[in-house]
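Peer 1: Quick note, the sequences are listed as chains A and B, same order. Position one of the first sequence corresponds to residue 3 (the numbering used here), numbered consecutively onward. Position one of the second sequence corresponds to residue 21 (the numbering used here), numbered consecutively onward.
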Amino acid sequence: QQQVKQSPQSLIVQKGGISIINCAYENTAFDYFPWYQQFPGKGPALLIAIRPDVSEKKEGRFTISFNKSAKQFSLHIMDSQPGDSATYFCAARLRTYKYIFGTGTRLKVLA
Amino acid sequence: GAGVSQTPSNKVTEKGKYVELRCDPISGHTALYWYRQSLGQGPEFLIYFQGTGAADDSGLPNDRFFAVRPEGSVSTLKIQRTERGDSAVYLCASSPDHGRNTEAFFGQGTRLTVV
């Protein structure tokens, strides 16, 4: 019940296209849903995050859509760029401190 | 530097040896976390400190793993009798405090290889 399921495992998008990554969860006690971006050899870096009382959050080219009733949330990257090529992790936080991560999506944006 | 600092960045050790991994959190952050990331996987929770005390160590895989944070700042993750299955990237993160609106900042990790 603490799992966060992430899809797809890998994604190839043309430059300028939209990248969409989906996550689903079961535990309604999760209180915060961040997305992390990770480059090879680096630690995860917070990209954007949302609380469950908000349905959408946009920061620049990055948007989180959150569907509380379906227990699903997604990351949309608009106008994808080659520099966006990285591994993306969704996460859900439990009890204000315990982050449960998805398995990651390896995004490749073709120039 | 302003970020979470982890040392060493890489550690190769022989099976059965003892290792210590160090984490320097962002100055002033009271919450500190250790995670383990295996190849191709997301980070998995190991332990959470609030100040000097381990508030939740439920993610430590067994009693060979132990972590301390004696002065509420630097933390050390200790692994005894290392096994090849312990090979992974060990990530440390810190946040200003636990709570609804705080975010966790991760270090670059220590890549541990047990041969």
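Idealized CB from N, CA, C, for every residue including glycine. For clarity, every value in this text was computed on a predicted model and none was experimentally measured.
Going by the CB atoms, is the gap between B:TYR55 and B:ALA113 shorter than 8 angstroms?
Peer 2: Indexing the second sequence from 1 puts residue 113 of chain B at position 93. Indexing the second sequence from 1 puts residue 55 of chain B at position 35. It is a contact, given that the beta carbons lie within the stated cut-off.
Peer 1: Residue range of the beta strand (DSSP E) that B:ILE46 falls in?
Peer 2: Taking the second sequence and counting its residues from 1, the one referred to as residue 46 of chain B is at position 26. Looking at the DSSP string, B:ILE46 is not in any beta strand (DSSP E), and its letter there is neither H nor E.
Peer 1: Helix or strand or just coil, what does DSSP make of A:PRO46?
Peer 2: Locating residue 46 of chain A in the first sequence gives position 44, where the first residue counts as 1. A:PRO46: coil per DSSP, three-state reduction.
Peer 1: Alpha carbon to alpha carbon, how far is B:HIS49 from B:LEU132? Give it in angstroms, no decimals.
Peer 2: Locating residue 132 of chain B in the second sequence gives position 112, counting from the first residue. Locating residue 49 of chain B in the second sequence gives position 29, counting from the first residue. CA-to-CA, the gap between B:LEU132 and B:HIS49 works out to about 25 angstroms.
Peer 1: Quick check on the DSSP output: what are the complete beta strand (DSSP E) runs of length 3 or more inside the stretch 42-121 of chain B, in order along the chain?
Peer 2: 51-57, 64-70, 73-76, 85-88, 95-99 and 108-115
Peer 1: Against chain B, does A:GLY18 count as a neighbour if the rule is that its beta carbon must be under 8 angstroms from one of theirs?
Peer 2: Within the first sequence, residue 18 of chain A is the residue found at index 16, counting from 1. No, because no Cβ of chain B sits closer than 8 angstroms to the Cβ of A:GLY18.
Peer 1: Apart from the five residues on each side of it in sequence, which residues of its chain come closer than 8 angstroms, Cβ to Cβ, to A:ALA51?
Peer 2: Here the question's residue 51 of chain A lines up with position 49 in the first sequence. Closer than 8 angstroms at Cβ, skipping near neighbours: TYR34, PHE35, PRO36, TRP37, LYS59 and ILE66.
Peer 1: Just to confirm, are B:THR122 and B:LYS31 a CB contact at a threshold of 8 angstroms?
Peer 2: Reading the second sequence from its first residue, position 102 is the one you call residue 122 of chain B. Reading the second sequence from its first residue, position 11 is the one you call residue 31 of chain B. The answer is no: Cβ separation not under 8 angstroms.
Peer 1: According to DSSP, B:VAL134 sits in a beta bridge with which residue or residues?
Peer 2: By 1-based counting over the second sequence, the position of residue 134 of chain B is 114. In the DSSP output, where bridge partners are listed per residue, B:VAL134 has B:THR33.
Peer 1: To the nearest angstrom, report how far apart A:ARG79 and A:ILE22 are at their CA atoms.
Peer 2: Position 77 of the first sequence holds residue 79 of chain A. Position 20 of the first sequence holds residue 22 of chain A. The sequence shown places Ile at residue 79 of chain A, rather than the Arg named in the question. Rounded to whole angstroms, A:ILE79 and A:ILE22 show a C-alpha spacing of 7 angstroms.
Peer 1: Under DSSP, the beta strand (DSSP E) around A:TYR90 begins and ends at which residues?
Peer 2: Looking up residue 90 of chain A in the first sequence gives position 88. A:TYR90 -> beta strand (DSSP E) spans 88-96.
Peer 1: Taking the beta carbon of A:GLY104 as the centre, do at least 16 other beta carbons fall within 10 Å, making it buried, or is it exposed?
Peer 2: The sequence position of residue 104 of chain A within the first sequence is 102, counting from 1. With 16 or more Cβ atoms within 10 Å of its Cβ, A:GLY104 is classed as buried.
Peer 1: Thinking just about the alpha-carbon of each residue, which of B:SER47, B:THR33 and B:LEU59 is nearest to the one in B:SER93?
Peer 2: The sequence position of residue 93 of chain B within the second sequence is 73, counting from 1. Nearest of B:SER47, B:THR33 and B:LEU59 to B:SER93, Cα basis: B:SER47.
Peer 1: Counting only C-beta atoms, is B:ASP44 closer than 8 angstroms to chain A at any point?
Peer 2: Position 24 of the second sequence, counted from the start, is the residue given in the question as residue 44 of chain B. Chain A, which has no Cβ nearer than 8 angstroms to the Cβ of B:ASP44, makes this no.
Peer 1: To be precise: take each residue of the stretch 36-68 of chain B, compare its Cβ to all Cβ atoms of chain A, and keep it if any distance is under 8 angstroms. Which residues remain?
Peer 2: Per Cβ criterion, the list reads ALA51, TYR53, TYR55, GLY60, GLN61, GLY62, PRO63, GLU64, PHE65 and TYR68.
Peer 1: Mind listing the chain B neighbours of A:ALA94? Cutoff is C-beta to C-beta under 9 angstroms, in chain order.
Peer 2: On the first sequence, residue 94 of chain A is found 92 positions in, with the first residue counted as 1. Those within 9 angstroms of A:ALA94 in chain B number zero; the least Cβ separation is about 11 angstroms.
Peer 1: Spatial neighbours of B:PHE69 within its chain, please: C-beta separation below 6 angstroms, excluding the five flanking residues on both sides.
Peer 2: Taking the second sequence and counting its residues from 1, one reaches residue 69 of chain B at position 49. Correct list, in chain order: LEU52 and ARG89.
Peer 1: Could you tell me the alpha carbon to alpha carbon distance between B:GLY23 and B:ARG104, rounded to whole angstroms?
Peer 2: Position 3 of the second sequence, counted from the start, is the residue given in the question as residue 23 of chain B. Position 84 of the second sequence, counted from the start, is the residue given in the question as residue 104 of chain B. C-alpha separation (whole angstroms): 30 angstroms.
Peer 1: Would a check of beta-carbon distances place B:GLU123 closer than 8 angstroms to chain A?
Peer 2: In the second sequence, counting from the first residue as 1, residue 123 of chain B sits at position 103. For B:GLU123, a Cβ of chain A is located within less than 8 angstroms of the residue's own Cβ.
Peer 1: Taking CB distances under 8 angstroms as the criterion, tell me whether A:LYS100 reaches chain B.
Peer 2: Reading the first sequence from its first residue, position 98 is the one you call residue 100 of chain A. A:LYS100 counts as touching chain B.
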